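Peer 1: Protein chains in written order, with this note's numbering: chain A, 105 to 288; chain B, 10 to 191.
Have a look at this one.
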């Protein structure tokens with residue numbers, strides 16, 4: 105005969121066993137004195153727990169002390185809450201408004217790409233190197249500094265609007281340097 | 010500290026008197042029950058006192074929960090149970106010993122007092138062998154006489170888990186009792 109485990113009897117003693125298990129255990133218990141005794145011990149234990157009393161303390165004294173401490177805790181909590189609720193709304197409101205403005209600003213920025221092509225005014229003077237020399241063009245007018253005899257060796261342009269070109273004479277080997285300054 | 014602490018009087022009240030009255034009534038109604046529940050879980054008066062105060066302060070700082078009297082009592086019990094379990098988890102097993110510190114108020118025979126003290130010492134030593142959740146489940150089921158599904162609600166777990174905690178707790182206590190008898 106297989107006896108029920110301690111856990112089964114522990115639950116049966118408190119009435120926490122399901123109906124099927126209770127039926128099975130009940131059948132076993134009817135014929136098993138050992139298990140009846142074990143079950144009775146669990147029931148006794150439960151009764152003992154149920155009778156557990158309050159500790160031996162002066163309840164009135166203890167209760168008064170607890171009431172006073174709870175009151176102090178609540179009053180302190182209320183003070184903190186009052187300060188925090190009255191003082192916090194200004195920065196919170198400011199942060200909320202600032203955030204809204206930031207979002208609106210960002211949306212404008214993202215909508216307008218901000219890339220605008222640079223327009224070249226037709227009347228602006230342009231300085232350029234050509235195969236025959238250095239040419240200054242202003243609208244439809246142009247001025248070219250020719251050096252037909254030489255072969256252009258190189259040219260350079262400075263940020264200040266200066267253009268320099270070097271020409272080498274094929275016969276004599278002489279070098280001619282031409283500097284043109286664009287008026288600002 | 011007494012109820013008429015001058016420091017408290019100086020502090021003044023940042024609270025509406027009606028709100029204060031409601032809170033005091035709530036504390037008076039439930040103080041003994043909550044203290045007893047917490048004491049049964051943690052096992053000593055000093056910790057039970059601190060935790061009872063903590064549980065009430067936690068509960069009363071959320072006034073909106075107090076509108077329904079029935080629900081507020083259950084809600085307070087739940088806060089108290091969780092506060093006690095959290096305490097046990099943080100501080101490990103506690104010592105059940107209050108008898109030397111007791112302020113005896115009842116008149117009883119010395120024999121009865123010794124018997125009661127022995128029973129309490131035995132129970133305290135047995136309870137120390139349980140885990141916090143086993144102890145809480147056993148207190149709620151066998152001492153507070155709550156149904157298993159209510160215990161499950163209070164401990165925020167399934168009914169099967171509660172049954173397992175209860176079975177373990179009773180088995181451990183029975184084994185402990187048997188060892189003492191030998």
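Idealized CB from N, CA, C, for every residue including glycine.
These figures come from a predicted structure and were not determined experimentally.
Would you say residue 156(A) lies against chain B (beta-carbon separation less than 9 Å)?
Peer 2: With 9 Å as the cut-off, residue 156(A) counts as an interface residue toward chain B.
Peer 1: Note the first and the last residue of the continuous alpha helix (DSSP H) segment covering residue 137(B).
Peer 2: That residue, residue 137(B), is in no alpha helix (DSSP H); it is neither H nor E in DSSP.
Peer 1: List the residues of chain B whose Cβ lies closer than 8 Å to the Cβ of residue 146(A), in chain order.
Peer 2: What residue 146(A) touches in chain B: 179, 183.
Peer 1: Would the stretch 52–69 of chain B and the stretch 197–215 of chain A be scored as touching if the rule is three or more Cβ pairs under 8 Å?
Peer 2: Flag = no, the stretch 52–69 of chain B and the stretch 197–215 of chain A do not touch.
Peer 1: Cβ of residue 25(B) within 9 Å of Cβ of residue 175(A)?
Peer 2: Against a cut-off of 9 Å, the Cβ pair of residue 175(A) and residue 25(B) comes out as no contact.
Peer 1: Taking the beta strand (DSSP E) that residue 246(A) falls in, what are its first and last residues?
Peer 2: Segment 245–250, the beta strand (DSSP E) holding residue 246(A).
Peer 1: For residue 108(A), decide whether its Cβ has a neighbour in chain B, counting only Cβ atoms nearer than 9 Å.
Peer 2: No, residue 108(A) lies away from the interface with chain B (no Cβ there is under 9 Å from its Cβ).
Peer 1: Kindly list, in the order they appear in chain A, the residues whose Cβ is closer than 8 Å to that of residue 61(B).
Peer 2: Going along chain A in sequence order, the residues near residue 61(B) (Cβ under 8 Å) are 170.
Peer 1: Around the Cβ of residue 51(B), are there at least 16 other Cβ atoms within 10 angstroms (buried) or fewer (exposed)?
Peer 2: Residue 51(B) comes out buried.
Peer 1: Name the chain A residues whose beta carbon is nearer than 7 Å to that of residue 155(B)?
Peer 2: Going along chain A, no residue has its Cβ under 7 Å from residue 155(B), so there is no contact; the nearest lies around 11 Å.
Peer 1: Identify the contact partners of residue 149(B) in chain A, using a Cβ-Cβ distance below 7 Å as the criterion.
Peer 2: Neighbours of residue 149(B) on chain A: none; closest Cβ ~11 Å, over 7 Å.
Peer 1: When DSSP builds the beta bridges, which residues end up paired with residue 229(A)?
Peer 2: In the DSSP output, where bridge partners are listed per residue, residue 229(A) has 242(A).
Peer 1: How is the alpha helix (DSSP H) around residue 135(A) delimited, first residue to last?
Peer 2: Taken as a continuous stretch (DSSP letters only), the alpha helix (DSSP H) holding residue 135(A) covers 123–135.
Peer 1: Using a Cβ-Cβ distance cut-off of 9 Å, determine whether residue 192(B) contacts chain A.
Peer 2: Here chain B has residues from 10 to 191 only, and residue 192(B) is not among them.
Peer 1: Indicate whether the contact test is met: 3 or more Cβ pairs, each with one atom in the stretch 130–146 of chain A and one in the stretch 262–278 of chain A, closer than 8 Å.
Peer 2: Output reads no: the stretch 262–278 of chain A does not touch the stretch 130–146 of chain A.
Peer 1: Could you name the residues of chain B that residue 166(A) contacts, counting a contact when the two beta carbons are closer than 7 Å?
Peer 2: The contacting residues are 58.
Peer 1: Who are the Cβ neighbours of residue 140(A) in its own chain at under 7 Å, not counting the five residues just before and after it?
Peer 2: Closer than 7 Å at Cβ, skipping near neighbours: 133.
Peer 1: Answer yes or no: does any C-beta atom of chain A fall closer than 9 Å to that of residue 66(B)?
Peer 2: Yes, because at least one Cβ of chain A sits closer than 9 Å to the Cβ of residue 66(B).
Peer 1: Contact between the stretch 180–191 of chain B and the stretch 85–94 of chain B is defined here as three or more beta-carbon pairs at a separation below 8 Å; is this criterion met?
Peer 2: Touching, no.
Peer 1: Find the residues of chain A that neighbour residue 164(B), judging by a C-beta separation of less than 7 Å, and give them in chain order.
Peer 2: Those do not exist, as residue 164(B) stays about 14 Å from chain A at its closest Cβ, beyond 7 Å.
Peer 1: Just by C-beta distance, which residues in the stretch 30–59 of chain B are closer than 9 Å to chain A?
Peer 2: Hits within the stretch, in order: 32, 33, 36, 37, 40, 41, 44, 45, 48, 49, 53, 54, 57, 58, 59.
Peer 1: Using the rule of at least 16 other Cβ atoms within 10 Å of the residue's Cβ for burial, across every protein chain shown, is residue 232(A) buried or exposed?
Peer 2: Its Cβ having fewer than 16 others within 10 Å, residue 232(A) is exposed.
Peer 1: Where do the N-terminal and C-terminal ends of the alpha helix (DSSP H) with residue 59(B) fall, by residue?
Peer 2: It spans 54–69 - the alpha helix (DSSP H) in which residue 59(B) sits, taken as one unbroken run.
Peer 1: My guess is that residue 156(A) and residue 49(B) are in contact by the Cβ rule of under 8 Å, so how many angstroms apart are they, rounded?
Peer 2: 7 Å between Cβ atoms; contact.
Peer 1: Just to check, is the beta-carbon of residue 250(A) closer than 8 Å to a non-hydrogen atom of the ligand FMN?
Peer 2: This structure simply doesn't include the ligand FMN, nor any ligand for that matter.
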